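First comes the structure, then the notes that go with it.
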Amino acid sequence: MADAHRREWASVLAVTVRVTRDLDTAEEAVQEAYVQALRTWARDGVPARPGAWLTTVARRTALNLMRRRHTLESKLPLLVEPGDAGRPEQPGGGSEPVRGAIIDDRLRLIFTCCHPALASEAQVALTLRLVCGVPTPDIARAFLVADATMAARLTRAKKKIATTRIPYAVPSAAELPGRVDAVLTVVHLLYSTGYTARSGRELVRDDLCHRALGLARLLRGLLPDEPEVAGLLGLLLAHDARRATRTDAHGRLLRLEEQDRARWDRTQIAEADRLVVAALQAGPPGRFALQAAIAALHAQAPTYQATDWPQILTLYDELLRVWPSPVVALNRAVALAMVQGPAAALAEVEALERDVRLLGYQYLPSTKAELLHRLGRDAEAADAYQAALALTSNAAEEQFLMERVHATTPSRPNGSSGAEPPRSDIS
Amino acid sequence: MSTTPDPTMTRYVVLIYQRESAGGVADIPPEIMEANERFDGQVTEQGGRVVAGLALEPTAAATAIRGAVVTDGPFIETKEALAGLYILEARDLDHAIAIARMTPTWEGGVEIRPLLDFQVMEVS
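Read top to bottom, the protein sequences are chains D and X.
The opening residue of the first sequence carries number -17 in this note's numbering; numbering runs sequentially from there.
The opening residue of the second sequence carries number 5 in this note's numbering; numbering runs sequentially from there.
Here you go:
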């Protein structure tokens, strides 16, 4: 049942929305179909095609709801389906819709949820709720807000979809690249939220990572010709391969160079590598393909020192060109330190300190601290670690930074090797 | 211009924000003025319709009223000032975005908002 929920939710909802043309009614009908399934399947067993069963029940429920509420006659704006030239009803109502139709419907749903006219936190929440079927209280917990706050956020977003007439459609070819980027940004944000939870329970984190990976796989299947989709899936897999080794048995954060590479998931790394190759062969790489290539190089390196740093630096140069973000520049500085030494990297990081977009970004002072430490300037390093510590609220990161403050405070014996590379968000 | 709404279309207001200068309209580069003249035709080609359009005198001519206080200037001071607006009929938000994106502006941009209902004043 949980399995059916996870696998079928998006398809069932996507098809039902086409009946209701109203996200709320569709959501309610699908919810009701799952409740009925719980009862019926426990008694009669799981049907041969659970998705078709759920779709039929959800559509019937939706029609009843609409009849009761006269939604069809109301003045409420309905979802717009452009170019919907008399799509035939499914014969008999119970047969599974043709494969292509299902694929299209799920894509429509995803593009509607990730429309750039919606606030980014609303895009993420809507995607979790409508595409993944995650209950609102779980989404609220994942993003550390009250249930009522998350419910209100979802309601506002659905209202905006209706009043501004955000179409229930796959964008035109001309708009597609930009809109795909918006979708990938949402999925990536979802994964990052799970991967480095600001605080909160580990279970929630893992669940978000699984959801994001599931979405990336779904998108890869739906948009096989988009190299950036391959890039995103590759990026997530390369990170996910290392997820279990990012903390030790006591929950202490381990840096990339401290992680047990023998425990990295080779299957995921191999898949990531294939995706990176496919993405890079498709033409000038975008930001996700480039990030995936960097993550894959890290994942394939036998040791931290033996990582192909010059190649990583080249990829960062290219990434900075297609995506001039100060966070990218900061990560590039880490690679620069490995290629040209800490002094060159420190100069770059100090230049970035003047960028207001990085104000409050904890990895800036922590990266600076590591570089200062490598240069033997431990008193300054300790100050920078303190600054980073003030900016994080994640328990594992706090503990890590506290240890670093102690290790670099000159009055205490310094147990580290003195040749430690700086930390970045790639740990 | 007809104001009979097409039930399959949605009406949006496109607000045009752009740079202002002391000379007002006379300072707007000629290529932007020419682009403005072609714009209606382009909208029609894209399957949309401009129902009405208004161009405003610069904010130097604005008078703001807050409660009892009357002051010189616009209600909200911004770098890019509201220069005009038009009512656009489009199929959905994506269609409206595709059209509004072509609006000629002088170092500015536009904001799209759906109209609350279909009551539109005749602009002659």
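A virtual CB, placed ideally from N, CA and C, is assigned to each residue, including glycine.
None of these values were measured; they are calculated from a predicted model.
(message) What residue range does the alpha helix (DSSP H) around D/Tyr16 cover?
(response) Leu5 to Asp26
(request) Assign D/Pro149 to one of two classes, buried (16 or more other C-beta atoms within 10 Å of its C-beta) or exposed (fewer than that). (result) buried
(message) Can you look up D/Leu200 in the DSSP assignment and give me helix, strand or coil?
(response) helix
(request) Give the straight-line distance between the Cα atoms of X/Asp98 and D/Val169, rounded to the nearest whole angstrom. (result) 22 Å
(message) For D/Glu352 and D/Arg237, what's the separation of their Cα atoms in angstroms?
(response) 12 Å
(message) Closest to X/Arg2 by C-alpha separation, out of X/Gly113, X/Ile103, X/Ala85 and X/Gly112, would be which residue?
(response) A query on residue 2 of chain X cannot be resolved here, the shown segment of chain X reaching from 5 to 128 and no further.
(request) Kindly indicate which residue of X/Ser25, X/Ala66 and X/Gln46 has the alpha-carbon position closest to the one of X/Arg105. (result) X/Gln46
(request) Compare the Cα-Cα distances from D/Ala151 to each of D/Leu171, D/Leu110, D/Ala(-8) and D/Arg0 and report the closest residue. (result) D/Arg0
(request) Determine, using beta carbons only, whether D/Arg69 comes closer than 8 Å to chain X. (result) Residue placement at D/Arg69 is flagged as unreliable, the pLDDT there being 40, under the threshold of 50; a coordinate-derived value is accordingly withheld.
(message) For X/Pro2 and D/Ala333, I'd like the C-alpha separation in whole angstroms.
(response) Not covered by the structure: residue 2 of chain X. The range shown for chain X is 5 to 128.
(message) Going by DSSP, what residue range makes up the beta strand (DSSP E) through X/Ile20?
(response) Thr14 to Gln22
(message) Suppose you measure from the CA of D/Val17 to the CA of D/Ala34; what does that come to, to the nearest Å?
(response) 15 Å
(request) Check the Cβ of D/Gly145 against every Cβ in chain X and list those closer than 7 Å, keeping chain order. (result) The identity of residue 145 of chain D in the sequence shown is Thr, whereas the question assumes Gly. Those within 7 Å of D/Thr145 in chain X are Pro118.
(request) Kindly indicate the opening and closing residues of the alpha helix (DSSP H) around D/Asp(-15). (result) Ala(-16) to Thr2
(request) Over the uninterrupted alpha helix (DSSP H) stretch that includes D/Leu136, give me the two end residues. (result) Asp129 to Thr145
(request) Can you have a look at X/Val73 and say buried or exposed, based on whether 16 or more other CB atoms are within 10 angstroms of its CB? (result) exposed
(message) Does D/Trp305 come out as helix, strand or coil in the three-state DSSP assignment?
(response) coil
(request) Measuring only between beta-carbons, confirm whether D/Glu157 sits less than 8 Å from chain X. (result) yes
(message) Quick check on this structure: which residue in D/Glu9, D/Ala19, D/Thr2 and D/Val28 has the alpha carbon closest to the alpha carbon of D/Arg49?
(response) D/Thr2
(request) Could you tell me the boundaries of the alpha helix (DSSP H) in which D/Tyr173 lies? (result) Leu158 to Tyr177
(message) Taking 8 Å as the threshold (C-beta atoms), are D/Arg269 and D/Leu295 in contact?
(response) no
(request) Rank X/Glu35, X/Pro62 and X/Leu119 by C-alpha distance to the C-alpha of X/Pro108 and give the top, closest one. (result) X/Glu35
(request) Closer than 7 Å by beta-carbon distance: list the chain X residues that pair up with D/Ala99, in chain order. (result) Leu97
(request) Output the distance between the C-alpha atoms of X/Asp110 and X/Thr82, rounded to the nearest integer angstrom. (result) The displayed chain sequence assigns Trp, not Asp, to residue 110 of chain X. Going by the C-alpha atoms only, they are around 15 Å apart.
(request) Measure the CB-CB distance between D/Thr43 and D/Ala15 and report whether it falls below 8 Å. (result) yes
(request) State the CB to CB distance for the pair D/Pro209 and D/Ala278, rounded to an integer number of angstroms; the pair is presumed to be in contact (CB under 8 Å). (result) Their Cβ separation, rounded to whole angstroms, is 15 Å, which puts D/Pro209 and D/Ala278 out of contact at 8 Å.
(request) Could you round the C-beta distance between D/Thr94 and D/Ala40 to whole angstroms and report it? I think they count as a contact, below 8 Å. (result) Going by Cβ atoms, the distance from D/Thr94 to D/Ala40 rounds to 18 Å, so no, they are not a contact pair.
(message) Closest to X/Gly112 by C-alpha separation, out of X/Ile80, X/Gly88 and X/Glu49, would be which residue?
(response) X/Gly88
(request) Could you check how far apart the C-beta atoms of D/Ala460 and D/Leu190 are, in whole angstroms? I think they sit under 8 Å. (result) Only positions -17 to 409 of chain D appear in this structure, which leaves residue 460 of chain D out of reach.
(request) May I have a chain-ordered list of the alpha helix (DSSP H) segments no shorter than 4 residues that lie completely inside the stretch 29 to 67 of chain X? (result) 34 to 49
(request) Take the Cβ of D/Ile92 as the centre, count every other Cβ of all protein chains shown within 10 Å, and call the residue buried at 16 or more, exposed below. (result) buried
(request) Compare the C-alpha of D/Gly115 against each of D/Ala11, D/Arg386 and D/Ala(-8) and name the closest. (result) D/Ala(-8)
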